[in-house]
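Here the working numbering is used: the first residue of the sequence shown is 14, the next is one more, and so on. Built from N, CA and C at the ideal position, the CB exists for glycine as well.
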Amino acid sequence: MASFAGVIQALNDRFMEFYKNNDMKGLSELYTEDCKLMPPGTDVLNGRSAAADVYGKLRKAGV
14 MASFAGVIQA
24 LNDRFMEFYK
34 NNDMKGLSEL
44 YTEDCKLMPP
54 GTDVLNGRSA
64 AADVYGKLRK
74 AGV
């Protein structure tokens, strides 16, 4: 059985791999369909497409 820390690390590694490869669709699939995102200074955003959009904009901005 994998440890919780190991599971979290594996998901973080996948997130970073998707982000580095500019694969926002893959990255967004790490989220649930009904996820909520709360970026600073914005309204609450809903869903995987919002996750792909937010992280895509961050990537374009060089973050």
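Nearest-angstrom Cα separation, counted from Lys33 out to Ser41: As a working mapping, residue 41 is identified with position 28 in the sequence shown. As a working mapping, residue 33 is identified with position 20 in the sequence shown. Straight-line Cα distance between these residues: approximately 14 Å.
Close-in-space but distant-in-sequence residues of the same chain around Met37 (CB under 6 Å, 5 per side omitted): To locate residue 37, count along the sequence shown from 1; it is residue 24. Taken in chain order, the residues that qualify are Ala65, Tyr68, Gly69.
Phe31, buried or exposed, once every other Cβ within 10 Å from all chains shown has been counted against 16: Here the question's residue 31 lines up with position 18 in the sequence shown. Buried, by the Cβ-count rule.
For Ser41, the first and last residue of its enclosing alpha helix (DSSP H): For the purposes of this step, residue 41 is identified with residue 28 of the sequence shown, where counting begins at 1. Unbroken alpha helix (DSSP H) run through Ser41: 37 to 41.
Supposed contact pair Phe28 and Leu43 - C-beta distance, whole angstroms, cut 8 Å: Looking up residue 43 in the sequence shown gives position 30. Looking up residue 28 in the sequence shown gives position 15. Right, their Cβ atoms sit about 6 Å apart.
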